[in-house]
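Numbering-wise, this note's numbering comes out as the position in the sequence shown, counting from 1, plus 29.
Every residue, glycine too, gets a C-beta built ideally from N, C-alpha and C.
It should be emphasised that the depicted structure is a prediction, and the values quoted were computed from it without experimental measurement.
Heads up: the structure comes next, in structure tokens.
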Amino acid sequence: MGKKLLLGAVLLAAGTFCFAGQISVQIVQHNLALDYVSEQSLIVEDELLNGFFDKGFIVTNSLARISDSKEVDSELLYTGFGEAYEGSSDYFVQVKLYYDSSKNKGTSDATQCPLDHIEWVMLKCSSGETLKSSSVKGSKEKPGTDENIRIASYSLISDIQKAL
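Here it is as structure tokens:
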């Protein structure tokens, strides 16, 4: 009986030291050729969610959206930040994906626009302070492919991890 009680106390004490940071991610797509969120953008979102989960974070996301201006970007930032704050997240990251729709000329498949670059900004939810903002170039090796999107996503995860 005494051993069980001692083991229970140790586990309870150890549990108080276990915690994970919570991060909320919002994807904003800039692709003039599409009026819906592309599969490529959802791949970036999926890679981010899985990548941060694997690094020990509790990860949530806002609905991926489309934007065509800085004003819409700002509105989405405030909306996403509010959702992250209300959800008790520690950090909010807005990720803007810019596709090169000029490369789509001559084809009817607008989903094949290559990822040109990614811009991101991270805010601390408790204070609203901007911790870091930066950008990542799309991979030139296989433009327009899922592999290209994943390579850029890994670079993005690495950059955000450094900022944490």
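Quick one: using the 10 Å Cβ neighbour count with 16 as the cut-off for buried, is residue i buried or exposed?
i	result
residue 81	buried
residue 103	exposed
residue 194	Since the displayed the chain opens at 30 and closes at 193, residue 194 lies outside it and no answer follows.
residue 213	There is simply no residue 213 to check, as the chain begins at 30 and stops at 193 in what is shown.
residue 69	buried
residue 118	buried
residue 158	exposed
residue 109	buried
For residue i, which of helix, strand or coil comes out of DSSP?
i	result
residue 161	strand
residue 119	coil
residue 156	coil
residue 66	coil
residue 32	helix
residue 109	helix
residue 84	coil
residue 191	helix
For residue i, collect the residues of the same chain with a Cβ closer than 6 Å to its Cβ; drop the 5 residues on either side in sequence, then sort them by chain order.
i	result
residue 106	123
residue 61	130
residue 155	none
residue 186	80
Sort out for me which residues DSSP pairs residue i with in a bridge.
i	result
residue 23	Coverage of the chain is limited to positions 30 through 193, which leaves residue 23 absent and any answer about it impossible.
residue 89	53
residue 99	Note: residue 99 sits in no beta bridge, so no partner.
residue 94	57
residue 166	146
Spatial neighbours of residue i within its chain, please: CB distance less than 7 Å, with the 5 preceding and 5 following residues excluded, ordered by chain position.
i	result
residue 144	69, 126, 128, 167, 177, 178 and 181
residue 71	93
residue 160	151, 152, 153 and 192
residue 190	84
residue 163	149 and 188
Using C-beta distances below 8 Å, list every residue in its chain close to residue i, excluding the 5 sequence neighbours before and after it, in chain order.
i	result
residue 66	56, 58, 93, 94 and 95
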